[in-house]
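Everything below concerns the one structure shown next.
Protein chains in written order, with the working numbering: chain A, 575 to 780; chain B, 112 to 286.
Structure (structure tokens):
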């Protein structure tokens, strides 16, 4: 992502809009920085990242917004699917991987993070594994492959996921409305030890 | 799944489902009351529960991508729990204690440095605050863990799961 920082005035306006909802999470204007980025599959909506430095570690939440309504991403697929219908989502063969990346980095499983592995060398923890495990990961990895589905606007994506300490070979159906479902999944490798927490903390200005 | 055995990733289907069912939890008010009741049983956290009434703290439970405690202002206390597989009682109690400790430090004058502060100073100030908070949280977890009525809660184990394993080890070694 290429995050763009909002000015203090624009950030204040965004916080006012979010604060209009009585159930909204409170963010202090003094301590909160807001960055945003475009998402190619949502023509009218952008992704906003709010980081409040009032606590240690910093507290962050992401929202999808058209500049008027701000929908928090809560770790489930529900808000993403809601925006897919509202926006509506516009998927092509060129941006479907970006969508999958976005989806899996914001929706968590009961056993933790789900990572779409585009290249084994891009796995953030690969260097921390012992050489034998690194080789197993590289050997087991199945590269991304996208094909059209049976229905117009549908894509079938073959790839590799990391979840619950395992590498999984997956075939995913991505419907034109952005709904995901597994066609097939097979265990490639188990017991990959995750040496570090994947939680991201943000430093001001990052 | 080509394996003939049980699918170990069956829960992935639920995650992708259009209506992710949020795990059923007791009422927010009940969860908070019960957690405060447990915290009031420890001499290490009793004062935190008194602080809630004394300063009219507003405690809320929110759904967040990761479990978190968050105190944007000293009187607003949030405990963020995940929708799927939410925090079990002991972890929830520790997250609430963590948030209340943050509020206490704020009320005691340990303010968060402004974000315009120099990086080194920001780090040293927040590190000091965090050290105080985590040390107190270790004391609460240890004390509750020793109490027979909470033996099933496994507070120390939950501290480890929250990433405080090193702090907890150091605390126990120095007893």
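Where a beta carbon is used, it is the ideal one built from N, C-alpha and C, also for glycine. Keep in mind the model is a prediction, meaning the values are calculated, not measured.
query, result
"3 or more residues per run - each beta strand (DSSP E) lying fully within the segment 622 to 685 of chain A", "633 to 639 and 644 to 646"
"Interfacial residues, the segment 170 to 185 of chain B to chain A, with Cβ spacing under 9 Å", "171, 173, 174, 175, 176, 177, 179, 180, 181, 182, 183 and 184"
"Alpha carbon of residue 641 (chain A) to alpha carbon of residue 633 (chain A), nearest angstrom", "22 Å"
"Straight-line Cα distance separating residue 725 (chain A) from residue 180 (chain B)", "45 Å"
"is_contact[residue 584 (chain A), chain B] using C-beta, thresh 8 Å", "no"
"Minimum Cβ-Cβ distance from residue 672 (chain A) to chain B less than 8 Å", "no"
"Residue burial classification, residue 283 (chain B) (beta-carbon count within 10 angstroms, cutoff 16)", "exposed"
"Chain B contact residues for residue 649 (chain A), given Cβ-Cβ distances below 8 Å", "174, 175, 176, 177, 193, 194 and 195"
"Where the alpha helix (DSSP H) containing residue 268 (chain B) begins and where it ends", "266 to 270"
"Burial state of residue 784 (chain A) (16 or more Cβ within 10 Å)", "The shown model of chain A, from 575 to 780, leaves out residue 784 (chain A), and the question about it has no answer."
"Proximity test, Cβ basis, 8 Å: residue 627 (chain A) and chain B", "yes"
"Inter-stretch contact at 8 Å, needing at least 3 Cβ pairs: the segment 737 to 751 of chain A / the segment 759 to 767 of chain A", "yes"
"Residue 581 (chain A) - DSSP class collapsed to helix/strand/coil", "coil"
"Bounding residues of the beta strand (DSSP E) (the contiguous stretch that carries residue 136 (chain B))", "No beta strand (DSSP E) holds residue 136 (chain B); DSSP gives it neither H nor E."
"Bridge-paired residues (DSSP) for residue 70 (chain B)", "The question about residue 70 (chain B) has no answer, for chain B in this structure spans 112 to 286."
"Coil, strand or helix - residue 747 (chain A) by DSSP", "strand"
"Local conformation of residue 737 (chain A) per DSSP, three classes", "strand"
"Candidates B:226, B:234 and B:279, of which the one nearest residue 247 (chain B) by Cα", "B:279"
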